[in-house]
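**Q** Respectively, the protein sequence lines represent chains A and B.
The working numbering puts the first sequence at residues 1 to 246.
The working numbering puts the second sequence at residues 247 to 433.
All C-beta atoms in this analysis are idealised placements derived from N, C-alpha and C, irrespective of residue type, glycine included.
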Amino acid sequence: MIDLELLHAYVDGELSSDERQFVESHLSNDAVAQAEVVRLRSLKSAVSRMAVAEPAAPEWSRCVARLDEIDKARRVEGFVGKYAWGLCVLFFCAILAGGALKRGVSSKVHSGEVAAAAAGIGSGSWLRPPSKPDEKRDWVNESLGAATYAVQPDALQVLAVAKQWRDGHDLTFFRLADDRGELQLVVVSDAGDIDGFERMGSELEAGVINEMNCVSWAAGGYSMLLMAPGRSAAELAQIAATIRVQ
Amino acid sequence: MLWGKRDSREAFERQAEKVFPSVFGTALRLTRSREEAEDLAQEAVVRAYEAFERFDGSNFKAWMLRIVTNLYINKYRQRQRGPQLSSLDEEGMVEPMGLEGEIPDRVLFDEAIGAEIEEALAKVPEDFRLAVLLSDIEGLSYQEIADATGVPIGTVRSRLARGRAILRRHLTSYAMKEGYIRAEDAL
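1) Taking the Cβ atom as the reference point for each residue, do B/Gly400 and B/Val378 lie within a distance shorter than 8 Å?
2) 8 Å is my cut-off, CB to CB: does B/Glu281 come that close to chain A?
3) Please compile the residues from chain B whose C-beta is within a distance smaller than 8 Å of the C-beta of A/Leu304.
4) Give the residues of chain B in contact with A/Lys72, contact being defined as C-beta atoms less than 7 Å apart.
5) Which stretch, first to last residue, makes up the beta strand (DSSP E) that contains A/Leu171?
6) Could you pull the start and end residues of the beta strand (DSSP E) that A/Glu182 belongs to?
7) Closer than 8 Å, Cβ to Cβ, to anything on chain A: give me those residues from the region 367-388 of chain B, in chain order.
8) Counting only the same chain and skipping the five closest in sequence on each side, list residues whose C-beta sits under 8 Å from that of B/Phe258.
9) In chain order, what residues of the same chain lie with their CB nearer than 6 Å to the CB of A/Met227, ignoring the 5 residues before and after it?
10) Checking contacts by CB at 8 Å: is B/Ala421 closer than that to chain A?
11) If we ignore side chains and look at the alpha-carbon of each, how far apart do B/Val291 and A/Asn29 end up?
12) I want to verify the contact list: residues of chain A whose CB lies under 9 Å from the CB of B/Gln261, in sequence order.
13) Cβ atoms of B/Val269 and B/Met310: under 8 Å apart, would you say?
14) Measuring alpha carbon to alpha carbon, tell me which residue in A/Pro55, A/Val11 and A/His8 is nearest B/Lys264.
15) Rounded to the nearest angstrom, what separates A/Gln21 and A/Trp60 at their Cα positions?
16) Determine the DSSP secondary structure at A/Ser16, reduced to helix, strand or coil.
17) If we count the other Cβ atoms within 10 Å of its Cβ and call it buried at 16 or more, is A/Cys93 buried or exposed?
18) If you draw a straight line from the alpha carbon of A/Ser131 to that of A/Leu156, how long is it in whole angstroms?
19) Could you list the residues in the region 211-234 of chain A with a C-beta less than 7 Å from some C-beta on chain B, going in chain order?
20) Note the first and the last residue of the continuous beta strand (DSSP E) segment covering A/Ile209.
21) Is DSSP giving A/Arg166 helix, strand or coil here?
22) Can you list the residues of chain B that A/His8 reaches, using a CB-CB cut of under 8 Å?
23) Give me the Cα-Cα distance between A/Val80 and A/Ala162, rounded to the nearest whole angstrom.
24) Would you say A/Asp12 faces chain B, with C-beta separation under 8 Å as the test?
25) What residues of chain A sit near B/Pro284, judged by a beta carbon separation below 8 Å?
26) Can you tell me where the beta strand (DSSP E) with A/Ser61 in it begins and where it stops?
27) Under 8 Å, do B/Asn305 and B/Glu390 count as touching if we go by C-beta distance?
28) Do A/Val37 and A/Leu7 come within 8 Å of each other at the CB atom, strictly closer than that value?
29) Using a beta-carbon distance below 8 Å, is B/Val291 in contact with chain A?
30) Under 8 Å, Cβ to Cβ, is there at least one residue of chain A near B/Pro414?
31) Assuming A/Val89 contacts A/Leu225 under a Cβ cut-off of 8 Å, what Cβ separation, rounded to an integer in Å, is found between them?
32) Would you list the one or two residues that DSSP bridges to A/Ala218?
33) On the three-state DSSP scale, how would you describe A/Val255?
34) If we count the other Cβ atoms within 10 Å of its Cβ and call it buried at 16 or more, is A/Phe174 buried or exposed?
35) Step through the CB atoms of chain A and report whether any lies within less than 8 Å of the CB of B/Ala257.
36) Just reading off the alpha helix (DSSP H) that B/Glu282 is part of, what are its end residues?
Shown next as structure tokens:
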């Protein structure tokens, strides 16, 4: 009796020429084996012919969509890989630009910050001016820095000066006195408008800081704020006129 | 480079679309679940696309079926139910030959429709079924089946013979039940 696996391989066309000759020689003398070959061919043919072909168009569409996603991810990865240095430089520039922008934006002075800065000056921070008039004038001018404004010594007395650095601004605080009492002058560098102040005349603005009326004016990138307890904005404006003389 | 990738995608898609019904059909006959078959076929397509540069250009269908079969064996088979190869003795069963003259199988196979063949195929233990469907439905050679399933050609021969014998038994039972053949004519 012939090996059945040989008959299967014969039907499948998977025999070497020697094996095929052997099987065919055997088949010519074995009717049972011949019938088996017919059955095998019939079964094989039925399976290949009758197996239901599955419609798979929707599944294929979803495969294509998945391939699209893969391609998209590859493109992004390729772009990032290729231009990584460029992206780093761009990112660095964005950081620099952001910093510069922040500086630009922060040129606006918030009255609350001035108030907080003024409140934060301890008694030990105040510097007293020299007693000699010439030295005192130079010292005051030096304290004013590039503000190019002058305090008239015959109208106002400079009692003390303190300095602070806050949120990108130099703040110089002057404790002044006239015949009615003390005033405070704050010179803020790199400053623009004072937040929360309203216009008063052509050059001055008025507002309230630390519950004191305050007038401010600006020129040359500096903001000057003059405030005093118990004084009206109009009074402060008159005093400001004496300070504003260059 | 971009054009090269686009051409590669188009070449892959063109070939994959042609063989996808075979890939999906094989996945369906292995998993017997449309949802799992779609996952399996889709994963096979993705794997093939990612490895397309390494395809040797010989037989794309056999290569895709090899991927889907390997994926199934490695990832999906453990979750499957139904008759497994381990429940049967792969070497032990002797397949009888039919008698000379009367060949009821021919009547049976002519009467059977696709659904019955699919049903009978589903009852064949998995490794045997895989060999039968790769050979008789997908037309792969023994060597290609051996590559796809990771077994020697001798095992492929054996599994095919066993698988067809079991398939024939199930079809015979069906034919007797439906009255296409008489019990005395059956093998």
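**A** Result, derived from the coordinates:
1) In the second sequence, counting from the first residue as 1, residue 400 of chain B sits at position 154. In the second sequence, counting from the first residue as 1, residue 378 of chain B sits at position 132. No. Outside cutoff.
2) Within the second sequence, numbered from 1, the residue matching residue 281 of chain B stands at position 35. It does not; no Cβ of chain A falls within 8 Å.
3) Because chain A here runs from 1 to 246, residue 304 of chain A falls outside it and cannot be looked at.
4) Taking the first residue of the first sequence as 1, we reach residue 72 of chain A at position 72. By Cβ distance, chain B contributes nothing, its closest Cβ being about 12 Å from A/Lys72, past 7 Å.
5) Within the first sequence, numbered from 1, the residue matching residue 171 of chain A stands at position 171. Looking at the DSSP string, the run of the beta strand (DSSP E) that includes A/Leu171 is His169 to Asp178.
6) Stepping through the first sequence from its first residue, residue 182 of chain A is reached at position 182. Gly181 to Val188 is the extent of the beta strand (DSSP E) around A/Glu182.
7) Leu367, Val378, Leu379, Ser381, Asp382, Ile383, Gly385, Ser387 and Tyr388
8) As a first step, residue 258 of chain B must be located in the second sequence, where it is residue number 12. Result list for B/Phe258: Ala294, Tyr295 and Phe298, in chain order.
9) Against the first sequence, residue 227 of chain A aligns to sequence position 227. Answer for A/Met227: Gln184, Ile209, Met212 and Cys214, listed in chain order.
10) Position 175 of the second sequence, counted from the start, is the residue given in the question as residue 421 of chain B. It does not: the Cβ of B/Ala421 has no partner Cβ on chain A nearer than 8 Å.
11) For the purposes of this step, residue 291 of chain B is identified with residue 45 of the second sequence, where counting begins at 1. For the purposes of this step, residue 29 of chain A is identified with residue 29 of the first sequence, where counting begins at 1. Distance between the alpha carbons of B/Val291 and A/Asn29 is about 49 Å.
12) Here residue 261 of chain B is taken as the residue at index 15 of the second sequence, counted from 1. Simply none; closest approach about 13 Å.
13) Residue 310 of chain B sits at position 64 when you count from the first residue of the second sequence. Residue 269 of chain B sits at position 23 when you count from the first residue of the second sequence. Contact: yes.
14) Stepping through the second sequence from its first residue, residue 264 of chain B is reached at position 18. Looking at the Cα atoms, A/Pro55 is the closest of the given residues.
15) Position 21 of the first sequence, counting from 1, holds the residue named residue 21 of chain A. Position 60 of the first sequence, counting from 1, holds the residue named residue 60 of chain A. C-alpha separation (whole angstroms): 45 Å.
16) In the first sequence, residue 16 of chain A corresponds to position 16, counting from 1. The answer is coil: DSSP assigns A/Ser16 none of H, G, I, E or B.
17) For the purposes of this step, residue 93 of chain A is identified with residue 93 of the first sequence, where counting begins at 1. Classification of A/Cys93: exposed, given that the 10 Å Cβ count is below 16.
18) Counting from 1 along the first sequence, the entry for residue 131 of chain A is found at position 131. Counting from 1 along the first sequence, the entry for residue 156 of chain A is found at position 156. Between A/Ser131 and A/Leu156, the C-alpha separation is close to 15 Å.
19) none
20) Counting from one through the first sequence, the residue named residue 209 of chain A turns up at place 209. Counting along the chain, the beta strand (DSSP E) containing A/Ile209 begins and ends at Leu204 to Ile209.
21) For the purposes of this step, residue 166 of chain A is taken as residue 166 along the first sequence, with counting starting at 1. If DSSP states are grouped into helix, strand and coil, A/Arg166 belongs with the strands.
22) Sequence index remark: in the first sequence, residue 8 of chain A carries index 8 (1-based). Neighbours of A/His8 on chain B, chain order: Arg403, Leu406, Ala407 and Arg410.
23) Residue mapping note: residue 80 of chain A aligns to position 80 of the first sequence, counting from 1. Residue mapping note: residue 162 of chain A aligns to position 162 of the first sequence, counting from 1. When rounded, the distance between both Cα atoms is 53 Å.
24) Sequence index remark: in the first sequence, residue 12 of chain A carries index 12 (1-based). So yes, A/Asp12 belongs to the interface.
25) Residue numbering aside, residue 284 of chain B sits at position 38 when the second sequence is read from its first letter. Correcting the residue identity first, residue 284 of chain B is Glu in this sequence and not Pro. Correct list: Glu59 and Arg62.
26) In the first sequence, counting from the first residue as 1, residue 61 of chain A sits at position 61. Segment Ala57 to Lys82 is the alpha helix (DSSP H) holding A/Ser61; no beta strand (DSSP E) there.
27) Position 59 of the second sequence, counting from 1, holds the residue named residue 305 of chain B. Position 144 of the second sequence, counting from 1, holds the residue named residue 390 of chain B. For B/Asn305 and B/Glu390, yes; Cβs fall inside 8 Å.
28) Taking the first sequence and counting its residues from 1, the one referred to as residue 7 of chain A is at position 7. Taking the first sequence and counting its residues from 1, the one referred to as residue 37 of chain A is at position 37. In this structure, A/Val37 lies closer than 8 Å to A/Leu7 by Cβ.
29) Here residue 291 of chain B refers to the residue found at position 45 when the second sequence is read from its first residue. Taking Cβ atoms only, chain A reaches closer than 8 Å to B/Val291, which makes this a yes.
30) As a working mapping, residue 414 of chain B is identified with position 168 in the second sequence. A small fix is needed here, since residue 414 of chain B is Arg in this sequence, not Pro. Answer yes: the Cβ-Cβ gap between B/Arg414 and chain A drops below 8 Å somewhere.
31) On the first sequence, residue 89 of chain A is found 89 positions in, with the first residue counted as 1. On the first sequence, residue 225 of chain A is found 225 positions in, with the first residue counted as 1. Their Cβ separation, rounded to whole angstroms, is 42 Å, which puts A/Val89 and A/Leu225 out of contact at 8 Å.
32) In the first sequence, residue 218 of chain A corresponds to position 218, counting from 1. Note: A/Ala218 sits in a beta bridge opposite A/Ser223.
33) What the structure shows of chain A is the stretch from 1 to 246, and residue 255 of chain A is not part of that stretch, so it cannot be assessed.
34) By one-based count along the first sequence, residue 174 of chain A stands at place 174. Under this definition A/Phe174 is a buried residue.
35) In the second sequence, residue 257 of chain B corresponds to position 11, counting from 1. No, B/Ala257 does not count as interfacial toward chain A.
36) If you number the second sequence from 1, residue 282 of chain B lands on position 36. B/Glu282 -> alpha helix (DSSP H) spans Arg280 to Glu296.
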